[in-house]
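See structure below.
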Amino acid sequence: MADDFSELVVPWLTGELPEPQRSAFAEELARNPALAAEVADAREALAAFALSTPVPPSARLRERVLALGNAPGSERVIPFPARRTSTASAWLGLGLAASLAIAGAATLKWQGAASELALARAATDSVAGALAERDSLLALLMSPELESVRLVANPTTEPSIRVFMDHRRHRAIVSAQALPPLAPDRDYQLWYIIDGTPVASVAFHPAADGSAMALDVPMPERESIDALAITVERTGGSPTPTTPAQFVTPLSE
206 MADDFSELVV PWLTGELPEP QRSAFAEELA RNPALAAEVA DAREALAAFA
256 LSTPVPPSAR LRERVLALGN APGSERVIPF PARRTSTASA WLGLGLAASL
306 AIAGAATLKW QGAASELALA RAATDSVAGA LAERDSLLAL LMSPELESVR
356 LVANPTTEPS IRVFMDHRRH RAIVSAQALP PLAPDRDYQL WYIIDGTPVA
406 SVAFHPAADG SAMALDVPMP ERESIDALAI TVERTGGSPT PTTPAQFVTP
456 LSE
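Under the numbering used here, the residue at position 55 of the sequence shown is numbered 260, and the numbers go up by one with no gaps.
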């Protein structure tokens, strides 16, 4: 029965759980501390990812870029010196100076417009990428084959690390809160324990508040994983563990 309620955590958070399941879930949530912890972890995972999404370009920036692309060229007034006896070379010099000034102004304007357009395109691409990642995250969290595993710290249980594993896609999300700080040249690293052998996975560094998240983490077949563990390694991770496990949780069959 507990597993049944675990599968309803994300639909309940996103408001997609219909009655009477929603009422039954709320009743179970009120009396089940383990389910409440699972809901809190899932909410933190969704909130942390939502807050990381870039802000789209402002309407003012968009209007400015469009105006730069559509506006006619502005006039440039070139002051001439006091009238003197004209010569062919003098007029040629003035003409060349005027041409260079106008060409320079046009070049600067074109470069400015190109720069603004490049910034706008980069911002648009960034938002599109973030939205694609969010869709992937929601798809994973709502997968019927999702398993949520809470890693236990050694020797305390104060920090929270939860691994969401999608057995169908063989992908995982690592969500952590209240992790102890690390030196700049150190990362936490996830390990899959298979037949007693640690298999290296993602390395991640906590933020100042102790939170961390790793998305779209590859994982082996669920049936082959005996346990999950976390160690502290050099930045970028290690092919084999070099320190004792800080977190470890055996997986049930």
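Ideal placement from N, C-alpha and C gives every residue a C-beta, glycine not left out.
Buried or exposed for E350, please, with buried defined as at least 16 other CB atoms from any protein chain shown within 10 angstroms of its CB.
exposed
What whole-angstrom Cβ distance do L433 and Y393 have, given they're in contact under 8 Å?
That belief does not hold up - the Cβ atoms of L433 and Y393 are roughly 12 Å apart, past 8 Å.
In terms of residues, what are the limits of the beta strand (DSSP E) holding R391?
R391 to I399
Opposing strand residues paired with T445 [DSSP bridges]:
BP columns for T445 are empty, so no partner.
According to DSSP, is Q451 part of a helix, a strand, or is it coil?
coil
Residue nearest to A242 in terms of C-alpha spacing, selected from E224, S353, E428 and L222
S353
According to DSSP, simplified to helix, strand and coil, what is E212?
coil
Would you check if the distance between the CB atom of Q451 and the CB atom of A377 is smaller than 8 Å?
no
Which term fits L256, buried or exposed, when burial requires 16 or more other beta carbons within 10 angstroms of its beta carbon?
For L256, the predicted model reports a pLDDT of 49, less than 50, meaning its position is unreliable and no value from the coordinates is stated.
For P446, collect the residues of the same chain with a Cβ closer than 6 Å to its Cβ; drop the 5 residues on either side in sequence, then sort them by chain order.
P403 and T436
Do A419 and V453 have their C-beta atoms within less than 8 Å of each other?
no
CA-to-CA distance, V422 to G442, given in whole angstroms
14 Å
Nearest neighbour of G401, chosen from G415, D431, I366 and V214 [CA to CA]:
D431
Given this structure, state the Cα-to-Cα distance separating P444 from V215, to the nearest angstrom.
34 Å
Selected residue, minimal CA-CA separation from E438, among L222, A405 and A412
A405
What separation, rounded to the nearest whole angstrom, lies between the Cα atoms of R373 and R367?
19 Å
Going by the DSSP bridge assignment, what does S380 pair with across the sheet?
R367 and M418
What are the partner residues of P423, as DSSP defines its beta bridges?
R376
Using the Cα positions of V260 and F409, report the straight-line distance between them to the nearest angstrom.
Here the model assigns V260 a pLDDT of 47, short of 50, so the residue's position is not dependable and the matter cannot be decided.
Leaving aside the five residues before and after E233 along the sequence, list all residues of the same chain whose C-beta is less than 7 Å from its C-beta, in chain order.
F210 and L240
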